[in-house]
Amino acid sequence: AQSVAQPEDQVNVAEGNPLTVKCTYSVSGNPYLFWYVQYPNRGLQFLLKYITGDNLVKGSYGFEAEFNKSQTSFHLKKPSALVSDSALYFCAVSGLGSGNTGKLIFGQGTTLQVKP
Amino acid sequence: DGGITQSPKYLFRKEGQNVTLSCEQNLNHDAMYWYRQDPGQGLRLIYYSQIVNDFQKGDIAEGYSVSREKKESFPLTVTSAQKNPTAFYLCASRTGRNTEAFFGQGTRLTVV
């Protein structure tokens with residue numbers, strides 16, 4: 001069965017410092033991995049995705065994510081955090097392989113708080 | 117403008133009533149999804165559909181029903197069998213398994 005884990009409910013970072021939001025996944029076959037951001041009472045906005053190729057993926061607003069197959073992880077990173085990055089972040093996975101039915105499964109979400 | 121539209125934005129339901137949440141997309145996407153969001157529990161998949169006239173249960177389908185009669189539309193009915201329906205409901209669509217999903221702005225359902 002597909003699953004996603006975001007082990008941290010909240011991440012606190014000072015503005016200008018690097019940030020990391022963690023994500024691990026479980027899926028049969030090769031994974032398709034996604035990061036989204038949500039602002040209060042809004043829908044989710046897509047940040048970036050890993051489908052195949054380079055393990056380091058670059059996305060919107062200066063975010064990037066590193067795919068690590070051996071650790072089944074897809075951590076979200078940014079070299080220098082902004083106060084405006086404060087939001088709720090979700091990792092998601094869908095799989096390719098026999099038995100994969102097109103499900104798109106999300107983690108529990110991680111609240112990122114960037115302090116001035 | 118292409119996009120995905122959910123309506124209404126806020127919905128109030130009396131206990132024992134069925135209510136239907138609307139989700140419409142003009143992105144020509146094959147797959148559509150319904151999620152429920154509760155504080156601290158992330159997004160949980162209710163139902164999804166990969167093609168017209170076909171849909172599958174997600175992880176928390178009990179007390180909900182859907183239809184997919186048109187490619188553009190994927191309404192969700194919250195039935196009286198759903199014991200705790202107060203939540204934020206999100207609809208999404210995408211082309212295929214390796215593409216990102218686009219989300220609507222959500223419907224906040226409250227039982228009164």
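One line per chain: the protein sequences are A and B, in this order.
So that you can map any letter, position 103 of the first sequence is 103 in this note's numbering, and since no number is skipped, the others follow by simple counting.
Counting from 1 along the second sequence, just add 116 to a position and that's the residue number in this note's numbering.
Heads up, the beta-carbon is just placed ideally off N, CA and C, and yes, glycines get one too.
Could you check which residue in A:S80, A:Y89, A:V83 and A:A81 has the C-alpha nearest to that of F74 of chain A? A:Y89
Would you kindly report the start and end of the unbroken beta strand (DSSP E) that includes N214 of chain B? N214 of chain B -> no beta strand (DSSP E), and no H or E assigned at all.
Could you say if the stretch 65 to 80 of chain A and the stretch 40 to 52 of chain A meet the contact criterion of at least three C-beta pairs nearer than 8 Å? yes
Can you name the residues that DSSP bridges to P31 of chain A? A:G95
Anyone know if the C-beta pair for F219 of chain B and L206 of chain B falls short of 7 Å? yes
Cβ separation of V168 of chain B and K199 of chain B, assumed to be a contact under 8 Å, to the nearest whole Å: Contact doesn't hold; Cβ gap of about 31 Å is too wide.
Should T111 of chain A and V21 of chain A be called a contact, given that it needs their Cβ atoms to be closer than 7 Å? no
Can you check DSSP and say which residues form a bridge with H75 of chain A? A:E66
If you run the structure through DSSP and keep just helix, strand and coil, what is S189 of chain B? strand
Strand pairing of I176 of chain B, partner residues [DSSP]: Bridge partners of I176 of chain B: none, in fact.
Less than 8 Å between C-beta atoms, sequence neighbours within five positions excluded: which residues of the same chain meet that for E185 of chain B? V168 and N169
Check whether the Cβ of F171 of chain B lies closer than 7 Å to any Cβ atom in chain A. no
Taking Cβ-Cβ distances below 9 Å as the criterion, which residues of the stretch 15 to 42 of chain A are in contact with chain B? Y32, F34, Y36, Q38, N41 and R42
Status (buried if at least 16 other CB within 10 Å, exposed otherwise) for L56 of chain A: exposed
Residue from B:L137, B:W150 and B:A217 with nearest C-alpha to Y126 of chain B: B:L137
With 7 Å set as the bound, which would you pick, yes or no: does the beta-carbon of L104 of chain A sit closer than that to a beta-carbon of chain B? yes
Are there 16 or more other CB atoms within 10 angstroms of the CB of A1 of chain A, so buried, or fewer, so exposed? exposed
Taking S163 of chain A as the reference, give the member of A:P40, A:V13 and A:W35 with the closest Cα. In the structure displayed, chain A extends from 1 to 116; residue 163 of chain A sits before or after that span and is not available.
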